[in-house]
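**Student:**
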Amino acid sequence: MPPTVSSRRYTPGRKPRSRPPGISFGRCKSYCRSAPSTVGMERSKPTVHHLMLHKRLHKETCAMAIQRDNELVTQTIARARRRRAVRPFALVLPGLAILVAFFFIPSVYNIWTSLQEISLFQIRRGGTFVGIDNYLRLFRDARIGLALVNTVWWLTFVTVVARIVLGVVIALLVNSSSIKRWRLSGFARSCLLIPWVTPEVVAVAAWQWMLHPRFGVLNQMMIQAGVISEGIPFLVQTSTVWFAIAVVLVWRELPFVAISVLAGLQSIPAELYESAAVEGATKPQILLHVTLPLLRPVLGIIGLLITIWTFNNFLYVWLSTRGGPGNFTQVLATELYTQAFTNYRLGYGAAIGVFMTGLMVLFSLVYFRTVFRKTVEDEAR
Numbered sequence: 044m045p046p047t048v049s050s051r052r053y054t055p056g057r058k059p060r061s062r063p064p065g066i067s068f069g070r071c072k073s074y075c076r077s078a079p080s081t082v083g084m085e086r087s088k089p090t091v092h093h094l095m096l097h098k099r100l101h102k103e104t105c106a107m108a109i110q111r112d113n114e115l116v117t118q119t120i121a122r123a124r125r126r127r128a129v130r131p132f133a134l135v136l137p138g139l140a141i142l143v144a145f146f147f148i149p150s151v152y153n154i155w156t157s158l159q160e161i162s163l164f165q166i167r168r169g170g171t172f173v174g175i176d177n178y179l180r181l182f183r184d185a186r187i188g189l190a191l192v193n194t195v196w197w198l199t200f201v202t203v204v205a206r207i208v209l210g211v212v213i214a215l216l217v218n219s220s221s222i223k224r225w226r227l228s229g230f231a232r233s234c235l236l237i238p239w240v241t242p243e244v245v246a247v248a249a250w251q252w253m254l255h256p257r258f259g260v261l262n263q264m265m266i267q268a269g270v271i272s273e274g275i276p277f278l279v280q281t282s283t284v285w286f287a288i289a290v291v292l293v294w295r296e297l298p299f300v301a302i303s304v305l306a307g308l309q310s311i312p313a314e315l316y317e318s319a320a321v322e323g324a325t326k327p328q329i330l331l332h333v334t335l336p337l338l339r340p341v342l343g344i345i346g347l348l349i350t351i352w353t354f355n356n357f358l359y360v361w362l363s364t365r366g367g368p369g370n371f372t373q374v375l376a377t378e379l380y381t382q383a384f385t386n387y388r389l390g391y392g393a394a395i396g397v398f399m400t401g402l403m404v405l406f407s408l409v410y411f412r413t414v415f416r417k418t419v420e421d422e423a424r
């Protein structure tokens, strides 16, 4: 069957509504030569108007095909862009769902609980809305003031400074040439990891036994050496209790700082030390002007992390003294536990938790805007 251009009569200047058939000009010309005449049965040559008609239809067909192909390409590119834009969100979605389920929702519920007067036995029935009364009571409570001082000074500042200083010293010793010469680096790292892999409960129990006034190893050694005549109750006396807690905490958490600083030391190029030695710098000068400035980013991150962890720590104080003697070693975390699960004042305990979170958020913002930003700017220079 010969191909047809359209079932409708062609009108010059009118574009076909549907897609024109893909008839090439050569096929139209050959068909017109062989097509029968409308007057008789003799074959006739195509007229000029007929040839121009098919040529114009061919051009319109090509133009529409090109336009259709361009639209398909545009749609394909847009679809690929949408797919690429959605893919990162799809990868982040599981972690975001976990974050919302285990952090955002409990945080909102904790804030709502802090605005209520609710007991542990009234959780199902709900408490009484009291607004900010719990926070006003918190700022008037002398126990909270003592716990805040103990948390900021003894539990956080003293132990964080001790861990950073001792961690840098131990990392420098492990990274020294003498340790490397005797091939003791691996053994030293293994020894460093022993306190870190020890569970906190086991570490505190071991130190309680060593610090016992009658059966403790430390007291027995000092008695045998003639330093003391009778055992010292380190975890009972107010003059020694905070030092004992600090020793336990520093011993358990020191390996993290030492290993992190050691990794930072090993990332420093050896050419810097060689250049400093060629210029006549001594070892203390190399330490002060080469090593420590390059360790500043590592120390900045370590300082932030261990400060947050220590500020919120509960186990060391609670397992060692339970806040005693009296309330002498009470910190914010143990005070929160006491108010919420011993005195059954969940609303007041939630207010203490929100207060601790706010302090840490404020500290982190100030830290990033001062110490950490200064470190990044020094690196850029």
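Under the working numbering, think of the first position of the sequence shown as 44, with each following residue one higher. Just so you know, even glycine gets a beta-carbon here, dropped at the ideal spot from N, CA and C. Quantities reported herein were computed from a predicted structural model and do not represent experimental measurements.
Can the beta-carbon of residue 214 be found less than 7 Å from the beta-carbon of residue 287?
**Tutor:** no
**Student:** Kindly confirm or deny that the region 169-188 and the region 323-333 touch, where touching means at least three C-beta pairs closer than 8 Å.
**Tutor:** no
**Student:** Pull the bridge partners of residue 388 from the DSSP assignment, please.
**Tutor:** 162
**Student:** Quick one: any contact between the region 332-345 and the region 302-315, if contact means 3 or more CB pairs under 8 Å?
**Tutor:** yes
**Student:** Between residue 244 and residue 194, what straight-line distance do the alpha-carbon atoms span, to the nearest angstrom?
**Tutor:** 20 Å
**Student:** Assess contact between the region 394-401 and the region 154-164, defined as three or more Cβ pairs (one per stretch) separated by less than 8 Å. Is contact present?
**Tutor:** yes
**Student:** With a floor of 4 residues, list each alpha helix (DSSP H) that falls wholly inside the region 304-334, ordered by position along the chain.
**Tutor:** Within the region 304-334, the complete alpha helix (DSSP H) runs of at least 4 residues are 313-321, 326-329.
**Student:** With H, G and I counted as helix, E and B as strand and the rest as coil, what does DSSP make of residue 408?
**Tutor:** For residue 408, the three-state secondary structure derived from DSSP is helix.
**Student:** When you compare only the Cα positions, how much space is there between residue 250 and residue 291?
**Tutor:** 7 Å
**Student:** Pick out whichever of 175, 253, 289 has its Cα sitting closest to the Cα of residue 201.
**Tutor:** Relative to the Cα of residue 201, the nearest Cα in the group 175, 253, 289 belongs to 289.
**Student:** How would you write the range of the alpha helix (DSSP H) that residue 176 sits in, first residue to last?
**Tutor:** 176-183
**Student:** In chain order, what residues of the same chain have a beta carbon less than 6 Å from the beta carbon of residue 361, not counting five sequence neighbours either side?
**Tutor:** 377
**Student:** Going along the chain, which residues of its own chain have a beta-carbon closer than 8 Å to the beta-carbon of residue 353, five neighbours each way excluded?
**Tutor:** Here the set comprises 198, 199, 202, 203, 292, 296.
**Student:** Quick check for students: name the residue ranges of the beta strand (DSSP E) that lie wholly in the region 264-294, counting only runs of 3 or more.
**Tutor:** The region 264-294 contains no whole beta strand (DSSP E) run of 3 or more residues.
**Student:** Near residue 374, what residues of its chain come up, given a Cβ to Cβ distance below 7 Å and the 5 sequence neighbours on each side ignored?
**Tutor:** Beyond the five residues adjoining it in sequence on each side, residue 374 comes within less than 7 Å, by CB distance, of 190, 193, 194, 198, 360 in the same chain, given in chain order.
**Student:** I'd like to know whether the C-beta atoms of residue 161 and residue 170 end up nearer to each other than 7 Å.
**Tutor:** yes
**Student:** Mind checking who residue 171 pairs with in its DSSP beta bridge?
**Tutor:** When beta bridges are read from the DSSP output, residue 171 appears opposite 160.
**Student:** Work out the CA separation of residue 107 and residue 118 for me, nearest whole Å.
**Tutor:** 16 Å
**Student:** With DSSP collapsed to three states, give me the class of residue 336.
**Tutor:** In this structure, DSSP gives residue 336 a helical state, which the three-state scheme calls helix.
**Student:** When DSSP labels each residue in this structure, what does residue 219 get in the three-state scheme?
**Tutor:** The answer is coil: DSSP assigns residue 219 none of H, G, I, E or B.
**Student:** Please state whether DSSP places residue 153 in a helix, a strand or coil.
**Tutor:** helix
**Student:** Alpha carbon to alpha carbon, how far is residue 150 from residue 168? Give it in angstroms, no decimals.
**Tutor:** The straight-line gap from Cα to Cα measures roughly 20 Å.
**Student:** Helix, strand or coil for residue 227, going by three-state DSSP, please let me know.
**Tutor:** Coil at residue 227, not helix or strand.
**Student:** Is residue 254 helix, strand or coil when you go by DSSP?
**Tutor:** coil
**Student:** Can you tell me where the alpha helix (DSSP H) with residue 196 in it begins and where it stops?
**Tutor:** Unbroken run through residue 196: none, as it is neither H nor E.
**Student:** If you draw a straight line from the C-alpha of residue 348 to the C-alpha of residue 111, how long is it?
**Tutor:** 59 Å
**Student:** For the alpha helix (DSSP H) containing residue 360, name the first residue and the last one.
**Tutor:** Its alpha helix (DSSP H) spans residues 358-363.
**Student:** Between which two residues does the alpha helix (DSSP H) carrying residue 377 extend?
**Tutor:** Following the DSSP letters along the chain, one finds residue 377 inside the alpha helix (DSSP H) bounded by residues 375-380.
**Student:** Is the separation between the beta-carbon of residue 247 and that of residue 363 shorter than 7 Å?
**Tutor:** yes
**Student:** Are the beta-carbon atoms belonging to residue 254 and residue 278 less than 7 Å from one another?
**Tutor:** yes
**Student:** By Cβ distance below 7 Å, which residues in the same chain neighbour residue 298 in space, the five residues on each side in sequence not counted?
**Tutor:** 235, 236, 238, 239
**Student:** What separation, rounded to the nearest whole angstrom, lies between the Cα atoms of residue 188 and residue 399?
**Tutor:** Take the alpha-carbon of residue 188 and the one of residue 399: they are about 13 Å apart.
**Student:** So, with DSSP's three-state summary, where would you put residue 37?
**Tutor:** This structure cannot speak to residue 37, because the chain is shown only from 44 to 424.
**Student:** Determine the contact status of residue 313 and residue 333, defining contact as a CB-CB distance below 7 Å.
**Tutor:** no
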